[in-house]
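If you read the sequence shown in the working numbering, its first letter stands for residue 38, the second for the next number, and so on. Read through the structure below, which is laid out as C-alpha cells, and then see the notes.
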Amino acid sequence: MRVFDGLSELTSAVGTEIGVSDWLSVTQDRINQFAEATGDHQWIHTDPVRAATGPFGSTIAHGFLTLSLVPVLAQQIYRVDGVSVAVNYGTNKVRFPQPVPVDARLRARAELTDSRSVKLGTLVTVRFTIELEGSAKPACIVEALTVYAT
Numbered sequence: 038m039r040v041f042d043g044l045s046e047l048t049s050a051v052g053t054e055i056g057v058s059d060w061l062s063v064t065q066d067r068i069n070q071f072a073e074a075t076g077d078h079q080w081i082h083t084d085p086v087r088a089a090t091g092p093f094g095s096t097i098a099h100g101f102l103t104l105s106l107v108p109v110l111a112q113q114i115y116r117v118d119g120v121s122v123a124v125n126y127g128t129n130k131v132r133f134p135q136p137v138p139v140d141a142r143l144r145a146r147a148e149l150t151d152s153r154s155v156k157l158g159t160l161v162t163v164r165f166t167i168e169l170e171g172s173a174k175p176a177c178i179v180e181a182l183t184v185y186a187t
C-alpha cells in the first residue's frame, strides 16, 4: 500500500506506476451476485452447464463486474491522506481485451497518468490495468477519474 501525504505528494507522482494489488478470485457466486444486482442473467455468465459447451468453455464474468472490482483493488494499492473527500468522477476509456473465466484470479496495476486543478479540487486520472493471471492480455483497462478536495 502506497500512502500519499496530501495532494502535492500525489500529484508529484504523475507519470509513475503507483502500485499493484493482491490477486482476487472471481467465483461463480460473485458472478451470480452481480447478475442478480444488475439483472444481466445471460447464460455465458450464469449457466455453467450450457457455458461449458459455449465459446469460452466455462462461464465468464461480466465485463462490468470486472470494472466494478476497481475500487476494492485500488484500496489495496494506494490512499491519499490529508484530504477531506475523494469523489468518483467517472471514467475515460474502458476496454475489456480478454474475458475472465470463472475462478480466474485478477489483480490491478495502477499508473497515475494525470492531475489537474478543477473547481472542486484536484482531478486525478489513474489507469488501472486489470491483469488476468496466466494471460498475456489484460482483462480490463480503465482510466478512472477521482476528484480530491482538502
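Glycine included, C-beta positions come from ideal geometry on N, C-alpha and C. Note that the structure is predicted; figures quoted are calculated from it, not measured.
8 Å Cβ cutoff met for residue i and residue j
i	j	result
Ala-145	Ile-167	yes
Val-51	Thr-150	yes
Pro-134	Ile-178	yes
Leu-102	Ile-68	yes
Asn-125	Thr-187	no
Ala-98	Val-137	yes
Euclidean distance between Cα positions of residue i and residue j
i	j	result
Leu-104	Met-38	21 Å
Glu-170	Asp-140	11 Å
Phe-71	Tyr-185	29 Å
Asn-129	Glu-148	14 Å
Val-163	Thr-75	26 Å
Glu-46	Gln-112	18 Å
Gly-91	Ala-176	19 Å
Leu-106	Thr-64	13 Å
Asp-42	Lys-174	34 Å
Gly-100	Gly-127	16 Å
Ser-154	Phe-165	21 Å
Arg-87	Val-117	45 Å
Ser-95	Gln-79	13 Å
Glu-73	Asp-66	10 Å
Ser-49	Tyr-115	14 Å
Phe-93	Asp-77	18 Å
Ser-152	Leu-44	10 Å
C-beta neighbour in chain B for residue i, strict 8 Å
i	result
Asp-66	No chain B is part of this structure, which consists of one protein chain only.
Heavy atom of the ligand HEM within 7 Å of residue i beta-carbon
i	result
Pro-92	Summarising the ligand content, the structure contains no ligands, and the ligand HEM is consequently not present.
Beta-carbon separation (whole angstroms), residue i vs residue j, contact threshold 8 Å
i	j	result
Arg-132	Leu-61	About 19 Å separates the two Cβ atoms, so there is no contact after all.
Note to self: Would the segment 76 to 88 count as touching the segment 45 to 57 if we require 3 or more Cβ pairs under 8 Å?
What the structure shows: no
Notebook entry, point to check: Is there contact between the segment 144 to 162 and the segment 106 to 124, where contact requires at least three CB pairs shorter than 8 Å?
Noted result: yes
Item checked: Length-filtered (4 minimum) alpha helix (DSSP H) runs lying within the segment 42 to 101 -> 44 to 48, 65 to 75, 80 to 83, 85 to 89
Check: Quick one: complete alpha helix (DSSP H) runs, 4+ long, within the segment 96 to 170?
Finding: 100 to 105, 107 to 114
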